[in-house]
Every structure is written in C-alpha cells, then in structure tokens.
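Counting the sequence shown from 1 gives a position; my numbering is that position plus 19.
Glycine included, every Cβ here is placed at the ideal spot set by N, Cα and C.
Please read all numbers here as calculations on a predicted model, not as lab measurements.
Please read the structure below before turning to the comments.
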Amino acid sequence: MTQETKTKTGKQDRNHRGNGSGMKPLAEELVRYHKKPAPETAVPYPRPFPHTLWLGLWSGIVIGAVAGLIFGWLLYTGAIAPAGWEAIFSLSPVTFHFFWTMMGLSLGMLIGGLAAILATGADGKE
C-alpha cells in the first residue's frame, strides 16, 4: 500500500507540473510587459532654457569673473587709480579681490544672458 501511494502521488505530481507548465512563465511575461512604461507616455526631459542661453550665461559668468579678478588686481596694484575710490581700499586684500570677482561675475552673467537672449530667436531655436 505504501508503494501504491508513492506511485500515485508521484504521477499526480508529474501531471500537475506538466499540465500548466507554460502558464506561469507566460503570466510572468505578460505582467512584465504590462508593467513596463510605454515609450510614448514617457515624460520628456525638461528644457526650460535654450542651449544658447545656457552657453551665454556660463560664458558670461566665467569671462566676467576673470575680468573682475584682473580689474581688482589692477586696482590693488595701483595700475588703475580712479579718483574718489579711496574708501574701497579699506577692505582686506582677500575681500577686495572677492568683491571685484563677484562684481565681474554678476556683470558678466547679466551681459552674457542679455546677449544670448537677443541672439536666440523668439521660438527658442538657435
């Protein structure tokens, strides 16, 4: 009787595995397919500003910062001595150069940004 039970259970087990063997992988594939986002529903990468504007802003920042640093160095060494600017020399050397670097940076960003806006068309294309 024990042998019969084992044989019967083994046959039932084989039949159970063989009966729906292809359904589980198929169901998993269907679940993966339907969970995958569709390409047409993907959120586009946001581009708030045209490439030309970014280029104008960053080039203006870099050029303005370098120009401000050079201008500050020329003022500090006395190569340029505007009348009435004596009070600005009361700053420490680091603060003095930092001030002129930031002043050049902000003016460069303003000028570079405005130039880029004027160079970019109304529709945002270069």
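Gly-123 counts as buried, since at least 16 other C-beta atoms from the protein chains shown sit within 10 angstroms of its C-beta. Ranked by how close their Cα comes to the Cα of Gly-131, the residues Pro-101, Trp-77 and Leu-110 have Trp-77 in first place. Leu-88 and Thr-114 do not touch by the CB rule: their CB atoms are close to 13 Å apart, not below 8 Å. Fewer than three pairs of CB atoms, one per stretch, sit closer than 8 Å, so the segment 95 to 115 makes no contact with the segment 55 to 71.
Across the structure, Thr-139 and His-70 are spaced so that their CA atoms are roughly 9 Å apart.
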